[in-house]
Amino acid sequence: MRVLITGAAGFLGSHLVKKFLSEGHYVIGLDDFSTGSIKNMHESLTDSRFKFIEQDVREKIFLDVDLIMNLACPASPKAYQSDPVRTIETNFLGIINLLHLSKLTGATLLQASTSEVYGDPTESPQKESYWGNVNPVGIRSCYDEGKRAAETLCFDYKRQYGIDSRVVRIFNTYGPNMSIDDGRVVSNFINQAIRNELITIYGDGSQTRSFCYVSDLINGLFDLAMLKENLDTPVNLGNPSEFSILELATHILRLTNSKSKVVNRELPLDDPMQRRPDVSKAIELIDWSPRIDLLVGLEKTIAYFREIQ
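So this note's numbering is basically just the index in the sequence shown, starting at one, shifted up by 144.
Spelled out as structure tokens, the structure:
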């Protein structure tokens, strides 16, 4: 197939490019380098089946493709809050451009959504049927509401025009190719521990997250994209094992043999207290479940960050 992957120079996008190439497909990567890095595509650029286009997804796209994987958007709070207007434009205008392309070419479109659509959840684990608890005017809403609007458009285009649009809600993912300064908790803790700096925990550390290693997530995205049936519901992808932020810091301190001390800072506004996916739909549809244990994944990620220091 001819596959368009937007956000191809980013953390997840670059891994997805490698996955589709390894499965024998032709890949067009698109990125504007607002948060991605060309270093993430170093291996892929030498493959004759890969073509790269430097372009903002907010601009109209005209390509002949069979499958569209939309991963174009800053994903860490530090990145998406630095230019909130651009963030929501990327989500809203970007998906409109790609849905138009899907309508024109008949390509299947997979939208990488996020667990952030659940906001600060009042139920756990979070099922796809849960409507969420999102602040529509807070500092995180440019991302949360941008992704929610993108989901709405995917399903409206499906109902109105009959296109095959699929929505996957991604929970916290970590692994190689994360940016060293992206502000996400795993990369923050690892780099602080490696440098023997203070480990900064926001709040008391009791808030929980579910951490999925990148290879598990990419396999799930690939399988959902290749599924023959058209999906009539969003699908969660994430690791259902739940850990507190303090537990994560403790594991990283031990694995890095760090001398760092933990310091607590004020919890940011609208920071969710809990994240845990219900992955029953993914199990039912593609027999998917995470295989990489947190400690194993952290060891791999620590090794990567030691190499790029």
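Where is the CB? At the ideal position from N, CA and C, for every residue including glycine.
Close Cβ partners of residue i (< 8 Å) along its chain, the five nearest in sequence each way excluded
{"i": "Glu187", "result": "Lys162"}
{"i": "Lys405", "result": "Leu342 and Ile343"}
{"i": "Phe299", "result": "Ser309 and Val311"}
{"i": "Ile345", "result": "Ile389, Leu390, Ala393, Val406, Val407, Asn408 and Arg409"}
{"i": "Gly134", "result": "The requested residue 134 is not part of the displayed model; the chain covers only 145 to 453."}
Helix, strand or coil at residue i [DSSP, three-state]
{"i": "Asn363", "result": "helix"}
{"i": "Met370", "result": "helix"}
{"i": "Gln270", "result": "strand"}
{"i": "Ile324", "result": "coil"}
{"i": "Gln304", "result": "helix"}
{"i": "Pro228", "result": "helix"}
{"i": "Ser158", "result": "helix"}
{"i": "Lys188", "result": "Position check: residue 188 holds Ser in this sequence, whereas Lys was assumed. In this structure, Ser188 counts as helix in the three-state DSSP scheme."}
{"i": "Lys204", "result": "coil"}
{"i": "Gly441", "result": "helix"}
{"i": "Lys195", "result": "strand"}
{"i": "Ile338", "result": "helix"}
{"i": "Leu392", "result": "helix"}
Cutoff 6 Å; reference residue i; Cβ partners in own chain excluding five residues on either side
{"i": "Ser350", "result": "Ser388"}
{"i": "Gly173", "result": "Ile149, Ala152, Val161 and Phe196"}
{"i": "Cys217", "result": "Thr234 and Asn235"}
{"i": "Ile205", "result": "Asn241 and Leu245"}
Closest Cα partner of residue i within the set the options
{"i": "Tyr287", "options": "Gly276, Ala219 and Glu267", "result": "Ala219"}
{"i": "Pro228", "options": "Asp422, Gly157 and Glu289", "result": "Glu289"}
{"i": "Ser166", "options": "Asp176, Val329 and Val147", "result": "Val147"}
{"i": "Val171", "options": "Met213, Tyr301, Lys444 and Arg303", "result": "Met213"}
{"i": "Lys403", "options": "Val281, Gln336 and Arg435", "result": "Gln336"}
{"i": "Pro269", "options": "Glu443, Gly441, Val423 and Leu438", "result": "Val423"}
Sequence-distant residues of its chain with Cβ nearer than 7 Å to residue i (five each side left out)
{"i": "Leu371", "result": "Leu429 and Ile430"}
{"i": "Arg450", "result": "Ile338"}
{"i": "Arg435", "result": "Asp360"}
Beta carbon proximity, residue i to chain D, threshold 9 Å
{"i": "Glu267", "result": "You won't find chain D in this structure, because it holds only one protein chain."}
Using 8 Å as the Cβ pair cut-off and three pairs as the minimum, do the stretch 173-184 and the stretch 237-255 touch?
no
What residue ranges within the stretch 237-299 form continuous beta strand (DSSP E) runs of no fewer than 3 residues, ordered along the chain?
252-258
Contact the stretch 352-360 vs the stretch 318-332: 3+ CB pairs below 8 Å:
yes
Measuring CB atoms only, is the stretch 313-323 touching the stretch 249-258, in the sense that at least three cross pairs come out at less than 8 Å?
yes
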